[in-house]
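Everything in the first sequence is counted per UniProt numbering, starting at 1 for the first residue and increasing by one. Backbone N, C-alpha and C fix where the C-beta goes; we use that ideal spot for every residue, glycine too. Bear in mind that the values here come from a model prediction, so they are computed numbers and not experimental data.
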Amino acid sequence: MRVATWNVNSIRARVGRVVDWLVKADVDVLAMQEIKCKESQFPMDAFHDAGYEVVLHGLNQWNGVAFASRLPMTEPATTFTGMPGFGKPGDDGMLPLEARALGVTVNEVRLWSLYVPNGRAVEDPHYAYKLQWLDELAKQTEQWLGENPDQPLALMGDWNIAPLDSDVWDLDVFEGATHVSAPERAAFAAFERIGLTDVVRPIVPTGYTYWDYKQLRFPRNEGMRIDFIMGSQPFAELVKDARIERNERKGDAPSDHVPVVVDLDIATPSPEDDDDRPMFW
DNA sequence: ATGTCTGAGTTGCTCAGA
1 MRVATWNVNS IRARVGRVVD WLVKADVDVL AMQEIKCKES QFPMDAFHDA GYEVVLHGLN
61 QWNGVAFASR LPMTEPATTF TGMPGFGKPG DDGMLPLEAR ALGVTVNEVR LWSLYVPNGR
121 AVEDPHYAYK LQWLDELAKQ TEQWLGENPD QPLALMGDWN IAPLDSDVWD LDVFEGATHV
181 SAPERAAFAA FERIGLTDVV RPIVPTGYTY WDYKQLRFPR NEGMRIDFIM GSQPFAELVK
241 DARIERNERK GDAPSDHVPV VVDLDIATPS PEDDDDRPMF W
């Protein structure tokens, strides 16, 4: 079973690219972030025509997460316990919850598509929101792991954190900035402390997953590694291979992020299984 | 020059967000 994560930066702006890649790369399950639309606006037909079902969580033009899968998806969840909100309080005085998390189960594997808040600037309220969002997610994940120690789990998505100095092209540029601060890196490390590991890093030790559109960042290879697949021990044991699809940053109208892919040692139906031809004739 | 993108509203420009 081939699983991937990709911040697509608006699905409507590049549905052709995304579906073409899904088919070409032979991906079974794709976690998307920043679909930037609600369900009524999502280009379902293009996915269905390519053989993928879609489950999504989108509230407006901001954020939005989704799964496209050619295997059955069950147990959809759009929040985790303790997930904080952000913005203007509603009539009930509560901060609205954003569309940043979506969980589904595929082939007994629990998968989450996550769009971690950007943080904007260390002095911005969005930064405290980011840290709280991650802290609550880690707490919920720790509880889930305790209750389901044998079920493979992966938290996949745009984490908006560069855990290592080598995950940005020039640390000096990030002096005092978000994505590399000690509290953010501690929040990321908390997921490793509770038993998750970056299942891609051992196979793909270097390389970025994001390059800003501005200032010729991609031609200069001035990028950041901020998209990760964090797997539980049972998930990590299934991982056979991994890659970062750098070529998807090239060409016409790319996303500013590229797909991150893992191959799991789980059999999936092959095209021949749908074929009525006898094996021998 | 935050020098590029995206989507929405106050539309054929300005704003927010990244």
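{"Asked": "Assign residue 36 to one of three DSSP states: helix, strand, or coil.", "Found": "coil"}
{"Asked": "Which stretch, first to last residue, makes up the beta strand (DSSP E) that contains residue 105?", "Found": "101-106"}
{"Asked": "Verify whether the separation of the beta carbon atoms of residue 6 and residue 163 is less than 8 Å.", "Found": "no"}
{"Asked": "Quick check: what's the CA-CA separation for residue 229 versus residue 200?", "Found": "7 Å"}
{"Asked": "According to the neighbour-count rule (16 or more other Cβ atoms, all chains shown, within 10 Å of its Cβ), is residue 101 buried or exposed?", "Found": "buried"}
{"Asked": "Please report the straight-line C-alpha distance between residue 222 and residue 252, rounded to a whole angstrom.", "Found": "19 Å"}
{"Asked": "How would you write the range of the alpha helix (DSSP H) that residue 235 sits in, first residue to last?", "Found": "233-236"}
{"Asked": "With DSSP as the reference, please indicate the residues paired to residue 229 in a beta bridge.", "Found": "156"}
{"Asked": "Would you kindly work out how many angstroms separate the C-alpha atoms of residue 174 and residue 57, rounded to a whole number?", "Found": "32 Å"}
{"Asked": "What are the boundary residues of the alpha helix (DSSP H) that includes residue 283?", "Found": "This structure leaves residue 283 out entirely; the chain is present only between 1 and 281."}
{"Asked": "Which of the three DSSP states, helix, strand or coil, is assigned to residue 308?", "Found": "As shown, the chain starts at 1 and ends at 281. That puts residue 308 outside it, with no answer to give."}
{"Asked": "Which whole runs of the beta strand (DSSP E) in the segment 145-192 are 3 residues long or more, in chain order?", "Found": "153-158"}
{"Asked": "For the beta strand (DSSP E) containing residue 243, name the first residue and the last one.", "Found": "239-244"}
{"Asked": "I need the straight-line Cα distance from residue 113 to residue 94, nearest angstrom please.", "Found": "24 Å"}
{"Asked": "At the level of alpha carbons, what is the spacing between residue 281 and residue 15?", "Found": "Because the pLDDT at residue 281 is just 44, under 50, the model does not fix this residue reliably, and the point stays unresolved."}
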